[in-house]
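Read the structure below first, then the notes.
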Amino acid sequence: MKYDIIVIGSGPGGYVAAIRASQLGKKVAVVEKAEVGGICLNWGCIPTKALLKSAQVYTYINHAENYGIKVEGEVKPDMEAVVARSRGVADTMSKGVQYLFKKNNVDVIAGYGKLTADKQVEVTDAEGNVTIYEADDIILATRRHRLGVRFLLHLNGSESDLGGIPTQCGPE
Ligand SMILES: Cc1cc2nc3c(=O)[nH]c(=O)nc-3n(C[C@H](O)[C@H](O)[C@H](O)COP(=O)(O)OP(=O)(O)OC[C@H]3O[C@@H](n4cnc5c(N)ncnc54)[C@H](O)[C@@H]3O)c2cc1C
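Read in this note's numbering, the sequence shown has 73 at position 73, and its numbers run on one by one without any break.
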């Protein structure tokens, strides 16, 4: 299959480039080996902010009297529900990008993309099938963020499973 542009990676770098290129009249495909939307939507910015929102709500409730509101009974976080909400927000955002790809006629090719020759991308899917695609231009948007700090959420004084969010990121 031949495209004007193939973008490898569907994170914020890749999906914006792909959608814009398609809007400008190019025939575009995105190759993605994991979740559409990349680290930011699935594991980084979005789900972590959803977790932080729960922490904020918890803090507000614990200081409700400062706002003139009385809260009675035990207030405690349900980490399973907190993480489930975070995963739900991430899934919604990823589906939003999938919808934008569809709306803007960007093909999504699921698999691991590799540059093999000039203007060629070899894609290996989850079953190990290999397909060669061609494009006049290829955009590499495969960035893996190096976080450098441990990301931990403390709710109720305890470290908890964050539903897959990386506490450390480094090059693959
Ligand atoms: C915990 C955490 C919290 C963060 N919070 C924030 C925040 O609040 N604000 C902020 O601005 N940034 C934040 N970031 C950083 C942000 O996630 C990154 O800057 C952003 O995701 C980079 O986008 P990108 O498109 O360059 O790469 P990515 O989002 O990493 O996307 C790259 C995509 O390429 C795919 N890919 C890689 N190699 C291949 C291949 N060979 N074939 C096919 N697909 C491939 C990957 O699967 C991935 O989907 C956070 C990161 C983390 C880890």
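Ideal Cβ positions, reconstructed from N, Cα and C, are used throughout, including at glycine.
Note that this is a predicted model, so its numbers are computed, not measured.
CA nearest to the CA of residue i, picked from the options
i      : options                     : result
Gly25  : Asn104, Pro12, Arg143, Gly9 : Asn104
Val73  : Asn62, Val31, Gly113, Ala90 : Checking the displayed sequence, the identity of residue 73 turns out to be Gly instead of Val. Measuring from the Cα of Gly73, the nearest candidate turns out to be Asn62.
Ala141 : Gly9, Met1, Tyr3, Lys2      : Gly9
Tyr184 : Gly128, Val75, Val30, Lys53 : Because the chain here runs from 1 to 172, residue 184 falls outside it and cannot be looked at.
Asp118 : Asp137, Val130, Gly111      : Asp137
Where residue i falls: helix, strand or coil (DSSP)
i      : result
Val28  : strand
Asp136 : strand
Val97  : helix
Lys102 : helix
Thr142 : coil
Ala126 : coil
Asp4   : strand
Lys114 : strand
Taking only runs that begin and end inside the region 6-91, name each unbroken alpha helix (DSSP H) of 4 or more residues, in chain order.
-> 12-23, 38-42, 45-62
Do the region 47-54 and the region 81-95 meet, that is, are 3 or more Cβ pairs less than 8 angstroms apart?
-> yes
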